[in-house]
Structures are given as C-alpha cells and as structure tokens.
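*Asks:*
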Amino acid sequence: MKKKPKVRLIFPGRRKFFQNFIFVLFRLAAVINGLALLIIVYFMIANGWQAINWEFLTQPPKEAMTRGGILPCIIGTLYLSLGAMLIAFPIGVASAVYLNEYAQPSRILRIIRLGINNLAGVPSVVFGLFGLAFFVVWLKFGISLLAGALTLAAMTLPVIIGATEEALKAVPNTYREASLGLGATKWQTILRVVLPTALPGILTGAILSISRAAGETAPIMFTAAVFYTPQLPTSLFDEIMALPYHIYVLSTAGTEIETTRHLQYGTSLVLIALVLGLNLIAIIYRARLQRRMQ
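Quick note on numbering: the sequence shown equals residues 259 to 552 in my numbering.
(1) Using the Cβ count rule (16 or more neighbours within 10 Å means buried), how would you classify A375?
(2) In terms of residue numbering, what span does the alpha helix (DSSP H) encompassing N431 cover?
(3) I believe L534 touches I332 by the beta-carbon criterion, under 8 Å. Please report the beta-carbon distance rounded to the nearest angstrom.
(4) Which residue wins for smallest C-alpha separation from G459, given the options A472, T510, Q489, G420?
(5) Tell me the rounded alpha-carbon separation between T368 and I297.
(6) Let me check understanding here. Comparing Cα to Cα, which of R549, L529, R544 lies closest to S339?
(7) Once you ignore the five residues that flank Q548 on each side, which residues in its own chain have a CB closer than 6 Å to its CB?
(8) I'd like to know if the stretch 503-510 and the stretch 378-389 are in contact, where contact means that at least 3 CB-CB pairs between them fall below 8 Å.
(9) Thinking Y523 and G306 are a contact (beta carbons under 8 Å), I'd like their distance in whole angstroms, please.
(10) What residue from V351, G473, L344 has the CA that sits closest to A531's CA?
(11) Do you know how far the Cα of D496 is from the Cα of T487?
(12) Less than 6 Å between C-beta atoms, sequence neighbours within five positions excluded: which residues of the same chain meet that for V451?
(13) Does the Cβ of S364 have 16 or more other Cβ atoms within 10 Å, making it buried, or fewer, making it exposed?
(14) Is the Cβ-Cβ distance between A412 and F388 less than 8 Å?
(15) Are the CB atoms of A471 and T517 within a distance shorter than 8 Å?
(16) Nearest by alpha-carbon distance to A342: which of A354, M499, I468 is it?
(17) Enumerate in chain order the residues of its own chain whose CB-to-CB distance from A428 is below 8 Å, with the five nearest sequence positions on each side excluded.
(18) To test your reading of the DSSP string, which unbroken alpha helix (DSSP H) runs of 4 or more residues are found completely within the stretch 486-510?
(19) Just mark T409 as buried or exposed, buried being the case when its beta carbon has 16 or more other beta carbons within 10 Å.
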C-alpha cells in the first residue's frame with residue numbers, strides 16, 4: 259500500500275500572523291522609500307533655493323560658470339529627453355507589437371527577449387561608449403544633439419519594449435476574438451482595440467524611460483554634452499549643455515568647486531523639478547485615458 263502524503267496544516271492564527279508580518283514589512287519598505295525621497299528633496303531645497311532666481315533660469319553661465327544661469331542646460335536636457343522619446347517610443351511600441359502579436363514562439367524569439375531583458379540592465383556608461391563608437395565616430399555625427407538623442411533612445415528602448423509587451427499581454431484575448439469575429443482584420447484589431455486598451459500601460463513605460471533619459475550623465479558626456487557653450491542649439495549637429503553633465507562639471511571639474519556649491523544644488527533642484535514636470539504631464543494624460551476607458 260502506498261503511504262498517504264503528509265498534509266502540513268497551517269493554523270489560521272499562525273497564517274494570519276505571517277500575513278500581517280509580511281504586510282508590516284511592505285509598509286515599512288514603503289515608509290523608508292518615502293522618507294528617503296523627502297530627505298533628499300529637503301536637502302536639495304535647503305541648499306539650493308538661494309540660487310534659484312530669474313537670472314539663474316534665463317541666462318547662460320558666466321565668469322567660468324561661477325555666476326549666471328543654466329538656460330542652455332535646461333534647453334539641452336529638454337531637447338535630449340524629448341528627442342530620445344520621439345525616436346525610441348514608436349520603435350519600441352512597434353517592436354513590442356510584433357513580438358507579442360505576430361511572432362511565433364520559437365528559440366529565436368526567446369533569445370530576442372533575453373537580449374532585450376539584458377539590455378535593460380546594462381550600465382548607462384556602456385551605452386555611452388557605444389554611442390561614441392557608433393554615432394559619433396563611425397557615422398561621423400560628432401559630439402552633437404543627434405548623437406546624444408540616439409544614444410539615449412538606444413538606452414531607453416529595452417524599457418519601452420518590455421513595458422509595452424506587458425501592457426499588450428494584459429489585454430484580454432476576448433477583445434481580440436470579438437473584434438476578429440466582427441470581421442476586422444488583425445491589423446485593425448491591434449490598431450483600434452488592443453493598442454488603445456494597452457495605452458495606459460504603454461505610457462507607464464514611457465514615463466520611466468523619459469525619467470531615465472533626463473537624468474543620465476554617462477551617455478551624453480561622450481556623445482552630446484560639452485563643458486561650456488553659451489549659445490542655444492540651432493541644429494541637430496550642434497553641441498549642447500545638459501543639466502546632469504553641468505552638475506558633474508561643477509562638482510568635480512570646476513575651477514571653484516566650493517564657491518559654486520549653491521549652484522550645484524540649485525541645478526540639481528531644477529533637474530528634479532524638470533523630471534517631475536515631464537512625468538506629471540505623462541501621468542495626467544494617462545489618468546485621462548484611463549477615465550475615458552472606464
């Protein structure tokens with residue numbers, strides 16, 4: 259006779275205690291993250307608010323960047339972030355649509371997905387070296403806005419593809435079947451049913467990507483950003499200044515690091531506000547889409 263498998267009993271009291279313990283850990287982790295964010299923001303505001311004024315936001319740096327403002331840095335960061343999204347977002351969404359809706363399960367598809375997941379975790383400095391070798395040197399774009407935007411687009415592309423694929427997988431198959439049953443083609447089903455339903459999730463990936471693109475230093479220091487240029491970019495092949503690289507220069511390579519300490523914190527505060535503003539616009543748009551779909 260076969261022995262009956264032993265059944266391990268979990269008493270309700272013990273199970274409830276374990277559940278409450280896990281919930282306490284989750285809440286504690288959330289509180290720690292929130293406190294860390296508040297401390298960082300308070301530290302930046304306390305040390306950088308004195309530098310924020312109209313001249314600081316509307317003038318270029320002066321006197322070896324010890325005075326003046328950061329207008330070229332703000333414009334350069336906006337151009338880089340928006341340029342990277344204009345390149346990466348349509349390519350990433352199209353790639354995810356193909357992988358999720360058209361590609362047949364195979365070993366090649368698994369290898370492609372593995373490569374995308376690995377690229378999402380590659381350090382940004384590696385993308386910077388890739389952009390330097392490929393866009394700057396091989397394609398001869400030089401140190402330019404175009405080379406920097408393409409490098410940031412390559413860096414954010416895996417995140418957009420991954421988020422878009424997950425959003426597409428979350429769309430119930432019954433939506434697709436109902437559309438096809440009404441006579442729509444597969445492309446019409448994807449364009450008019452699947453993508454609008456998955457759009458809030460797709461925008462979540464875009465929000466994460468634009469935040470990463472706006473705050474990166476390593477990719478742009480090899481491909482787009484320069485130490486100082488007072489003029490705003492007028493061409494895709496112009497050199498630019500950017501907030502992350504400007505903070506790096508003021509903190510490590512400036513002529514008077516201690517004198518410009520308040521400018522360093524002020525620039526960091528502006529970068530945080532810029533990233534927050536870009537995220538807020540995307541979040542509000544996503545929320546409107548979700549309310550419209552309900």
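Think of the CB as a built atom: it goes at the ideal place given N, C-alpha and C, for glycine as much as any other residue.
*Replies:* So, from the data block:
(1) Residue identity differs from the one stated: residue 375 is Asn in this sequence, not Ala. By the neighbour-count rule (16 or more Cβ atoms within 10 Å), N375 is not buried but exposed.
(2) 431-439
(3) L534 to I332, Cβ: 14 Å. No contact.
(4) Comparing Cα positions, the closest option is G420.
(5) As written in the sequence, residue 368 is Arg, which differs from the Thr given in the question. Computed Cα separation, rounded: 42 Å.
(6) L529
(7) P458
(8) Cβ pair count under 8 Å is below three, so no.
(9) 3 Å
(10) G473
(11) Just so you know, the alpha carbons of T487 and D496 end up roughly 10 Å apart.
(12) Y433, S437
(13) exposed
(14) yes
(15) Contact flag unset, no.
(16) I468
(17) Residues of the same chain with a CB within less than 8 Å of the CB of A428, apart from the 5 flanking positions on each side, are A456, G459 in chain order.
(18) 501-506
(19) buried
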